[in-house]
Ligand code: WQD
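Residue numbers (my numbering): 32 to 370.
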């Protein structure tokens with residue numbers, strides 16, 4: 032049985048990926064610093080899969096702790112989620128993002144090289160594209176100046192991995208996520224933002240649940256169909272399943288080059304206001320929202336050309352944005368004890 036380390040494995044995408052890896056018959060070990068996750072997520076994972084992954088709280092910014100961990104933990108592959116990921120926050124606190132997203136990647140790759148862990152899946156992002164000139168965006172698009180420090184950390188990270196794969200035996204796949212939303216159908220795991228949600232959908236569900244007074248829509252004066260920003264909202268379970276496919280590709284040696292990257296999106300763009308109205312439709316809840324000013328760091332419109340992942344990985348999304356919104360609402364209602 033292959034043993035896979037999932038960093039940030041108690042986080043939103045990480046926990047959903049742990050469950051899918053277990054379903055695929057892999058042993059999963061998890062490290063997380065619990066800065067944006069809760070150790071109770073382990074209970075949810077166990078309730079779904081019947082298997083409680085081995086977990087260790089670990090601060091990846093602590094190089095000695097990382098070295099110690101790998102001296103006593105043998106794994107066949109790593110899926111690296113652990114990072115800070117809020118676009119708006121990165122504009123306000125760039126150094127937090129450069130330290131937490133870059134230093135930790137270097138320490139992990141040093142351990143991969145030292146311990147011959149040659150299969151490395153990286154959690155990248157569509158924010159590496161900046162504001163694309165052409166949409167939908169494909170993996171060959173020219174990398175443009177990132178619009179936020181968060182996006183810049185992902186661009187830099189991909190370059191670090193590319194150079195590492197050229198110089199060592201490490202083989203890697205970068206998965207460029209678009210906007211992950213939703214929750215596992217069991218409602219045992221889902222998005223658990225600590226404090227005020229930075230992302231759109233958890234803010235919507237918390238508003239609908241009465242935890243937030245109203246949603247602020249960050250701008251309706253963009254050059255888009257209804258003036259609000261456009262994104263590609265992908266169900267987190269579809270996204271998680273792509274990680275299993277990518278890890279199997281590396282473990283079986285089916286990758287064509289030492290460093291590959293794939294867009295993980297639905298291929299459809301939806302505006303903020305379209306998401307709001309779709310949520311109202313699937314939940315039956317009228318959402319309280321107001322239009323406010325633009326948020327620094329936002330791109331106007333981005334959505335995926337998914338043909339490479341469809342054709343090369345043999346992966347495609349199976350659930351719609353509406354399915355994801357409905358699952359997010361079911362999860363929120365369970366969290367708050369709403370019938
Ligand atoms: C979406 C839209 C906001 C909150 C995310 C992840 C990032 C990366 C890309 C994976 C924007 C608007 C938001 C609110 C709003 N994914 N919005 N009111 O910025 O696209 O980035 O996807 O790596 O990690 O964070 O997502 O949900 O913050 O914003 O109007 O209260 O919703 O302006 O147009 P974003 P988001």
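We put the CB at the ideal spot given by N, CA and C, even for glycine.
Everything numeric in this text was worked out from a predicted model, so none of it was measured.
The ligand HEM heavy atom lying under 8 Å from the CB of residue 180: In the structure shown, the ligand HEM is absent; the only ligands present are the ligand WQD.
Residues bridged to residue 81 [DSSP beta-bridge criterion]: Residue 81 is not bridged to any residue.
Backbone CA spacing between residue 102 and residue 95 [nearest angstrom]: 11 Å
Residue closest to residue 346, alpha-carbon to alpha-carbon, out of 366, 268 and 282: 268
Member of 322, 243, 324 and 219 whose CA lies at the smallest distance from the CA of residue 72: 219
Where the alpha helix (DSSP H) through residue 352 begins and ends: 352-367
Beta-carbon proximity of residue 296 to residue 263, cut-off 9 Å: yes
Complete alpha helix (DSSP H) runs within the region 253-309 (minimum length 4 residues, chain order): 267-282
Distance between residue 196 and residue 367 (C-alpha atoms, nearest Å): 45 Å
Which of helix, strand or coil DSSP assigns to residue 203: strand
Extent of the continuous alpha helix (DSSP H) run through residue 122: 118-123
Residue 135 classed as buried or exposed, judged by whether at least 16 other C-beta atoms fall within 10 angstroms: buried
Beta carbon of residue 210 nearer than 9 Å to that of residue 230: yes
Boundaries (first-last residue) of the alpha helix (DSSP H) holding residue 193: 180-198
Assigned exposure category for residue 32 - 16 Cβ within 10 Å defines buried: exposed
Near the ligand WQD: residue 372 beta-carbon under 8 Å from a heavy atom: The structure shown does not extend to residue 372, since the chain is modelled only from 32 to 370, so the question has no answer here.
Collapsed DSSP secondary structure at residue 151 in the structure displayed: strand
Distance CB(residue 152)-CB(residue 281) smaller than 9 Å: yes
Bounding residues of the alpha helix (DSSP H) (the contiguous stretch that carries residue 107): From DSSP, residue 107 is part of no alpha helix (DSSP H); its letter is neither H nor E.
Selection from 291, 164, 147 and 336 that minimises the alpha carbon distance to residue 300: 336
Contact test: residue 242 Cβ vs the ligand WQD heavy atom, cutoff 8 Å: no
Between the CA atoms of residue 223 and residue 316 - distance to the nearest angstrom: 21 Å
Residues of its chain near residue 303, where Cβ-Cβ distance is below 7 Å and the 5 sequence neighbours each way are ignored: 231, 248, 259 and 260
Residue 250 Cβ short of 8 Å to the ligand WQD heavy atom set: yes
Cα-Cα separation, residue 56 to residue 145: 27 Å
Euclidean distance between Cα positions of residue 244 and residue 307: 15 Å
Residue 239 - DSSP class collapsed to helix/strand/coil: helix
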